[in-house]
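J.:
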Amino acid sequence: MGTGVAGVTGVERGWQFFMHPGPTNIPHRVLQAMQRPAVDFMGPEFVALRDRSLERLKGVLKTKKGFVIAYAASGHGAWDASIANLFSPGDKVLVCQAGYFSENWSVTARQYGVEVESVVTPERRAVDPDAVAERLAADTGHAIKAVLISQNETATGMRHPVAEVRAAMNRVKHPALYCVDTISSLASYDFRMDEWGVDLVIGGSQKGLMMPPGMSFTAVNARAWQVSLASRNPRRYWDWRPMVEDGRQVRFCGTAPIPFFYGLEAALDMIEEEGLENVFARHRRLAQATRACVRAWSQSGGPEIYSLDAEAACDSLTAVLCPAGHDADKVRNIASERYNVALGRGLGALQGRVFRIGHMGDLNEPMLLGALGGIELALAEAGMPHARGGVMAAMDSLRAPTAKAVKAA
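Using my numbering, the letters of the sequence shown correspond one by one to residues 165 to 573.
(1) Quick one: any contact between the segment 476 to 489 and the segment 335 to 354, if contact means 3 or more CB pairs under 8 Å?
(2) Could you check what DSSP says for valine 336 in three-state terms: helix, strand or coil?
(3) Got a sec, what are the start and stop residues for the alpha helix (DSSP H) alanine 430 sits in?
(4) CA-CA distance, glycine 361 and histidine 306?
(5) According to the Cβ coordinates, are isoleucine 539 and phenylalanine 205 closer than 7 Å?
(6) Name, in chain order, the residues that DSSP records as bridge partners for glutamine 413.
(7) Given that a residue counts as buried once 16 or more other Cβ atoms are within 10 Å of its Cβ, and exposed if not, what is aspartate 410?
(8) State the DSSP-derived secondary structure class of glutamate 287, mapped to helix, strand or coil.
(9) In three-state DSSP terms, what is phenylalanine 210?
(10) In angstroms, rounded to a whole number, what distance separates the CA positions of leucine 536 and cysteine 457?
(11) Nearest-angstrom Cα distance between glycine 254 and tyrosine 342?
(12) Among the residues of its own chain, which have a CB less than 6 Å from the CB of tyrosine 264, if the five just before and after it don't count?
(13) Have a look at the DSSP bridge pairing and note the partners of arginine 520.
(14) So the alpha helix (DSSP H) isoleucine 190 belongs to, where does it begin and stop?
(15) Would you report the Cα separation of glycine 516 and arginine 387, rounded to the nearest angstrom?
(16) Jot down the residue ranges of each uninterrupted beta strand (DSSP E) in the segment 356 to 380, minimum 3 residues, whole runs only, in chain order.
(17) Since I believe serine 266 is in contact with serine 314 (beta carbons under 8 Å), could you give me their beta-carbon distance rounded to a whole number of angstroms?
(18) Beta-carbon within less than 7 Å of glutamine 463's beta-carbon, same chain only, minus the 5 sequence neighbours each way: which residues are those?
(19) DSSP state of serine 561, grouped into three classes?
(20) If you follow the beta strand (DSSP E) that serine 395 is in, where does it begin and where does it stop?
(21) How would you write the range of the beta strand (DSSP E) that glutamine 463 sits in, first residue to last?
(22) One question on the structure: do valine 495 and alanine 445 come within less than 7 Å of each other, judged by their Cβ atoms?
(23) Residue range of the beta strand (DSSP E) that glutamate 341 falls in?
(24) Which whole-angstrom value is the C-beta distance of methionine 375 and alanine 301, which I expect to be below 8 Å?
(25) Compare the Cα-Cα distances from aspartate 363 to each of Asn397, Lys229, Met407, Glu468 and report the closest residue.
(26) Alpha carbons only, please: which of Pro406, Met548, Val259, Gly321 is nearest the one belonging to alanine 295?
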């Protein structure tokens with residue numbers, strides 16, 4: 165949803181192509197579910213909704229061992245909750261530094277008095293599990309209490325090897341907790357909390373779960389829960405202990421985010437009706453089409469996919485690196501003001517260097533193609549070098565699986 169673009173008459177027509185990498189498009193079904201009168205959040209109707217929604221969310225996380233704790237907060241709140249509950253002042257954590265958001269998780273840790281050590285990832289590359297293993301192997305005294313990693317770095321559009329890092333930790337037999345941020349990957353591509361040995365997961369409402377920003381959660385297993393009971397960090401709003409009884413959340417610090425639970429139930433209905441694996445396949449299909457488009461643009465010195473490793477480019481968004489000397493924000497502004505295509509900007513060191521195309525959540529092929537067409541127009545108007553035909557390349561990518569299926573039939 166959004167406002168229409170204004171033409172020469174100033175009259176707005178049509179819908180905005182909202183292609184941000186979060187928040188994402190909110191389906192009418194979710195909006196309608198949230199538009200309801202207030203209910204007693206301690207009454208049986210809401211308690212039943214809360215319990216079944218958090219239980220169903222475990223299916224998206226692929227966990228039977230963990231339980232979910234929700235907050236009225238953005239993803240940053242879930243970061244705070246993870247640090248406040250698991251650590252004490254002076255503890256040390258190892259952070260896989262791969263971009264703006266992993267760096268900000270480090271900032272959160274430091275503000276709680278936690279010492280941060282980093283495994284720095286080279287620009288445009290994925291986290292190296294061997295580098296993590298090397299650092300943990302050197303920690304013979306096991307001073308490092310946890311390894312923190314983002315499955316997807318939203319600022320760079322890069323997927324990081326969660327399962328492989330866990331395997332590296334196991335290989336050197338280090339007892340650190342394993343904490344994973346899934347904010348821009350959950351319900352966009354696969355995540356397996358139990359199978360991958362993840363102790364804590366961070367998630368948010370406003371991306372693959374197709375809801376407004378304002379609800380976040382942590383999923384914790386028994387190991388993380390036990391560690392939290394001994395934590396000496398100051399905590400009040402984020403304190404799990406009064407929230408949880410018998411391995412499930414039973415209360416909030418203050419009022420529950422009531423409308424979000426109705427929205428979450430509707431979003432989970434949509435995911436389950438499509439089928440979780442089909443959701444992943446759709447995201448992969450749209451991501452491949454976007455990458456095909458950008459690769460076509462990159463000819464003749466045009467913008468290119470930020471990730472240098474094709475396997476590390478994520479399925480929830482594409483970060484597009486513009487040629488040196490050209491301003492990514494100029495493209496964004498033209499796309500927005502003239503063609504009503506809303507894109508994500510570059511963050512931190514990447515501001516002005518990249519624009520980000522979100523392709524997660526409630527999205528289909530025509531929506532993507534329309535947005536890519538608007539971006540291609542904006543590239544030309546901004547005077548940015550690029551080869552024409554990006555949208556056609558995206559269409560060819562989308563057409564290929566259908567053609568194979570027809571031929572097989």
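Heads up, the beta-carbon is just placed ideally off N, CA and C, and yes, glycines get one too.
T.: The structure says:
(1) Judged by Cβ distances under 8 Å, the segment 476 to 489 makes contact with the segment 335 to 354, as three or more pairs qualify.
(2) Sequence index remark: in the sequence shown, residue 336 carries index 172 (1-based). DSSP places valine 336 in coil when its eight states are reduced to three.
(3) Translated into the one-based positions of the sequence shown, residue 430 becomes position 266. Looking at the DSSP string, the run of the alpha helix (DSSP H) that includes alanine 430 is 422 to 438.
(4) Within the sequence shown, residue 361 is the residue found at index 197, counting from 1. Within the sequence shown, residue 306 is the residue found at index 142, counting from 1. Distance from the CA atom of glycine 361 to the CA atom of histidine 306, rounded to whole angstroms, is 18 Å.
(5) Locating residue 539 in the sequence shown gives position 375, counting from the first residue. Locating residue 205 in the sequence shown gives position 41, counting from the first residue. Between isoleucine 539 and phenylalanine 205, the C-beta spacing is not below 7 Å.
(6) Numbered from its first residue, the sequence shown carries residue 413 at position 249. DSSP links glutamine 413 through a beta bridge to Val408.
(7) Within the sequence shown, numbered from 1, the residue matching residue 410 stands at position 246. Classification of aspartate 410: exposed, given that the 10 Å Cβ count is below 16.
(8) As a first step, residue 287 must be located in the sequence shown, where it is residue number 123. In the three-state reduction of the DSSP assignment, glutamate 287 falls in the coil class.
(9) Within the sequence shown, the letter at position 46 stands for residue 210. Under the three-state reduction of DSSP, phenylalanine 210 is assigned to helix.
(10) Your numbering for residue 536 matches position 372 in the sequence shown. Your numbering for residue 457 matches position 293 in the sequence shown. Approximately 8 Å, taken between the alpha carbons.
(11) Within the sequence shown, residue 254 is the residue found at index 90, counting from 1. Within the sequence shown, residue 342 is the residue found at index 178, counting from 1. Cα to Cα, glycine 254 sits roughly 18 Å from tyrosine 342.
(12) Reading the sequence shown from its first residue, position 100 is the one you call residue 264. Apart from sequence neighbours up to five positions away, the residues of its chain that approach tyrosine 264 with a beta-carbon distance below 6 Å are Ala319, Leu511, Gly512, ordered along the chain.
(13) Looking up residue 520 in the sequence shown gives position 356. Note: arginine 520 sits in a beta bridge opposite Ala483, Gly508.
(14) Taking the sequence shown and counting its residues from 1, the one referred to as residue 190 is at position 26. Here isoleucine 190 belongs to no alpha helix (DSSP H), and DSSP marks it neither H nor E.
(15) On the sequence shown, position 352 is the one that residue 516 refers to. On the sequence shown, position 223 is the one that residue 387 refers to. Their backbone Cα atoms lie some 42 Å apart in a straight line.
(16) DSSP runs (the beta strand (DSSP E)) wholly in the segment 356 to 380: 364 to 368.
(17) In the sequence shown, residue 314 corresponds to position 150, counting from 1. In the sequence shown, residue 266 corresponds to position 102, counting from 1. Confirmed, about 5 Å.
(18) Walking along the sequence shown from the start, residue 463 turns up at place 299. Here the set comprises Ala551.
(19) For the purposes of this step, residue 561 is taken as the residue at position 397 of the sequence shown. DSSP places serine 561 in helix when its eight states are reduced to three.
(20) Taking the sequence shown and counting its residues from 1, one reaches residue 395 at position 231. Taken as a continuous stretch (DSSP letters only), serine 395 belongs to no beta strand (DSSP E), as it is neither H nor E.
(21) Residue numbering aside, residue 463 sits at position 299 when the sequence shown is read from its first letter. For glutamine 463, no beta strand (DSSP E) run applies, since DSSP gives it neither H nor E.
(22) As a first step, residue 495 must be located in the sequence shown, where it is residue number 331. As a first step, residue 445 must be located in the sequence shown, where it is residue number 281. Cβ distance not < 7 Å, so valine 495 and alanine 445 don't count as in contact.
(23) Stepping through the sequence shown from its first residue, residue 341 is reached at position 177. Sequence inspection shows leucine at residue 341; the glutamate mentioned does not correspond to that position. Looking at the DSSP string, the run of the beta strand (DSSP E) that includes leucine 341 is 341 to 345.
(24) Counted from its first residue, the sequence shown places residue 375 at position 211. Counted from its first residue, the sequence shown places residue 301 at position 137. Wrong, their Cβ atoms sit about 41 Å apart, outside the cutoff.
(25) Residue numbering aside, residue 363 sits at position 199 when the sequence shown is read from its first letter. Nearest option by C-alpha distance: Lys229.
(26) What you label residue 295 is simply residue 131 of the sequence shown in a count that begins at 1. Nearest of Pro406, Met548, Val259, Gly321 to alanine 295, Cα basis: Val259.
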